[in-house]
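**Student:** Got a structure here, written out as structure tokens. Questions coming.
Protein chains: 2
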Amino acid sequence: MDGLTINQAAETTGWSPRMLRYLDGSGLVSPSRTGAGYRIYGPGELQRLRTLRELLDTQGLEISDVGFAQRMRSEPELQTAVESWFDAPVAPPEGVAGTADWLRFEQSKHERLLQLAGETR
Amino acid sequence: MDGLTINQAAETTGWSPRMLRYLDGSGLVSPSRTGAGYRIYGPGELQRLRTLRELLDTQGLEISDVGFAQRMRSEPELQTAVESWFDAPVAPPEGVAGTADWLRFEQSKHERLLQLAGETR
DNA sequence: ACAACCTTACCACGCTTGTGTCAGGGTTTG
DNA sequence: CAAACCCTGACACAAGCGTGGTAAGGTTGT
Numbered sequence: 001m002d003g004l005t006i007n008q009a010a011e012t013t014g015w016s017p018r019m020l021r022y023l024d025g026s027g028l029v030s031p032s033r034t035g036a037g038y039r040i041y042g043p044g045e046l047q048r049l050r051t052l053r054e055l056l057d058t059q060g061l062e063i064s065d066v067g068f069a070q071r072m073r074s075e076p077e078l079q080t081a082v083e084s085w086f087d088a089p090v091a092p093p094e095g096v097a098g099t100a101d102w103l104r105f106e107q108s109k110h111e112r113l114l115q116l117a118g119e120t121r
Numbered sequence: 001m002d003g004l005t006i007n008q009a010a011e012t013t014g015w016s017p018r019m020l021r022y023l024d025g026s027g028l029v030s031p032s033r034t035g036a037g038y039r040i041y042g043p044g045e046l047q048r049l050r051t052l053r054e055l056l057d058t059q060g061l062e063i064s065d066v067g068f069a070q071r072m073r074s075e076p077e078l079q080t081a082v083e084s085w086f087d088a089p090v091a092p093p094e095g096v097a098g099t100a101d102w103l104r105f106e107q108s109k110h111e112r113l114l115q116l117a118g119e120t121r
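The listed protein sequences correspond, in order, to chains F and Y.
Just so you know, we're using the working numbering here: the first sequence kicks off at 1 and counts up by one.
Just so you know, we're using the working numbering here: the second sequence kicks off at 1 and counts up by one.
Here you go:
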């Protein structure tokens, strides 16, 4: 049973035990458990905890930001939905006549995209 | 001067004028301005506003999430910093002897990465 | 010139996030 | 077996977000 217990992990990473449980609950750093449910932090988790602190500080992020980034990587439909929003064209594409037509075009395109994303859930 | 004024844009998009100013301030949908400072919403902004509502609802996002996604696309060093955190290996790579050595290895690697990211700012 | 708009700057309020602490109860170890 | 740990769940509280409102003042159109 190599690995640190939660108070030991708190000691060496600088996080409080409370925050280690919070980070576990939010899915960012989830250590393995013993049969009795005790959290066991291995080298990988300890490293992620230390670098998480640096990531937040140097980039000015919130924990929830990293949680959202994790959602983006684990849910491809979320990623495509977000990217399709940013990549929506500002000028109408070829073959669409007036502004009103273009708006309808964009509207239906996004509805298709969003429906597609929703189906896989 | 084609484009809608803020109350007209609010009418057709379903956002309140208050929220349109908030979204402008948070950088998500920033319309152009007249000489006197009035916001003018063109077709592109109107489309982004309508699809933003759908994006938030269907994906269960917060406005700040989309703001963070925007930061990720506009700051490559932020993106690499976040990705390098997620991609940190859980097992030591070849050529590194024990756990202690590996921790030092990872530590210095991330310090290099973060410093690299900071330099470009 | 007057009504009907627009601007920024505030105050307020409910909800969420991040964080501490404490209680009640199970586990491990000297 | 008793001390020292661990667990979950709850209460608390500051700070921030999303949202509405309102006040003081500039712009526009008829």
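Built from N, CA and C at the ideal position, the CB exists for glycine as well.
If you're wondering where the values come from, they're calculated on a predicted model, not measured in any experiment.
1. In its own chain, which residues sit with a C-beta less than 7 Å from the C-beta of residue 16(F), not counting the 5 before and 5 after it?
2. So that I know if they touch, is there some Cβ in chain Y lying closer than 8 Å to that of residue 69(F)?
3. Closest Cβ-Cβ distance between residue 88(Y) and chain F: below 8 Å?
4. For residue 45(Y), count neighbouring C-beta atoms within 10 Å of its own C-beta (all shown protein chains included) and say buried if the count is 16 or more, exposed if not.
5. Could you name each continuous alpha helix (DSSP H) segment of 4 residues or more that falls completely within the stretch 13-53 of chain Y, going from the start of the chain to the end?
6. Go through its chain and collect everything with a Cβ distance to residue 53(F)'s Cβ below 8 Å, but skip five positions before and after it.
7. Between which two residues does the alpha helix (DSSP H) harbouring residue 65(F) extend?
8. Which residues share a DSSP beta bridge with residue 4(F)?
9. Once DSSP output is grouped into helix, strand and coil, what is the label at residue 57(Y)?
10. Under 8 Å between the Cβ atoms of residue 55(Y) and residue 82(F)?
11. Anyone know if the C-beta pair for residue 26(Y) and residue 67(Y) falls short of 8 Å?
12. Whole angstroms are fine: how far does the CA of residue 39(Y) sit from the CA of residue 19(Y)?
13. Please state the DSSP three-state secondary structure of residue 10(Y).
14. Cβ closer than 9 Å: which chain F residues qualify as neighbours of residue 82(Y)?
15. Which residues in chain Y have a C-beta closer than 8 Å to the C-beta of residue 85(F)? List them in chain order.
16. What does a CB cutoff of less than 6 Å around residue 41(Y) pick up in its chain, not counting 5 residues either side in sequence?
17. Distance check for residue 35(Y) and residue 23(F), CA to CA, integer angstroms please.
18. Does the CB of residue 21(F) have a neighbour CB from chain Y at under 8 Å?
19. From the beta carbon of residue 73(Y), is the nearest beta carbon of chain F less than 8 Å away?
20. Could you check whether residue 88(F) and residue 73(Y) sit closer than 8 Å to each other, using their CB atoms as the reference points?
21. Rounded to the nearest angstrom, what separates residue 50(F) and residue 64(Y) at their Cα positions?
22. List, in order along the chain, the chain Y residues whose C-beta lies closer than 7 Å to that of residue 78(F)?
23. Where does residue 88(F) fall in DSSP's three states?
**Tutor:** In this structure, then:
1. If you ignore the 5 residues before and after residue 16(F), its C-beta comes within less than 7 Å of the C-beta of 10, all in its own chain and listed in chain order.
2. Taking 8 Å as the threshold, the shortest C-beta distance from residue 69(F) to chain Y falls below it.
3. Chain F, which has a Cβ nearer than 8 Å to the Cβ of residue 88(Y), makes this yes.
4. Its Cβ being crowded by 16 or more others within 10 Å, residue 45(Y) is buried.
5. At a cut-off of 4 residues, the continuous stretches assigned as alpha helix (DSSP H) that sit fully inside the stretch 13-53 of chain Y are 17-25.
6. These residues qualify, in order along the chain: 13, 14, 15.
7. In the DSSP annotation of this structure, the continuous segment of the alpha helix (DSSP H) that includes residue 65(F) starts and ends at 63-74.
8. Answer is 41(F), bridged to residue 4(F).
9. Residue 57(Y): helix per DSSP, three-state reduction.
10. Contact: yes.
11. Pairing residue 26(Y) with residue 67(Y) gives a Cβ-Cβ distance under 8 Å.
12. Roughly 13 Å separates the two Cα atoms.
13. Correct three-state label for residue 10(Y): helix.
14. What residue 82(Y) touches in chain F: 55, 59, 61, 65, 66, 69.
15. Within chain Y, the residues near residue 85(F) are 48, 51, 52, 55, 66.
16. Excluding positions up to five away in sequence, the list reads 3, 4, 9, 31.
17. If you take the alpha carbons of residue 23(F) and residue 35(Y), they lie about 49 Å apart.
18. For residue 21(F), the answer is no, since every Cβ of chain Y falls outside 8 Å of its Cβ.
19. Answer yes: the Cβ-Cβ gap between residue 73(Y) and chain F drops below 8 Å somewhere.
20. Cβ atoms of residue 73(Y) and residue 88(F): not closer than 8 Å.
21. The alpha-carbon atoms of residue 50(F) and residue 64(Y) are separated by roughly 25 Å.
22. Neighbours of residue 78(F) on chain Y, chain order: 59.
23. In the three-state reduction of the DSSP assignment, residue 88(F) falls in the coil class.
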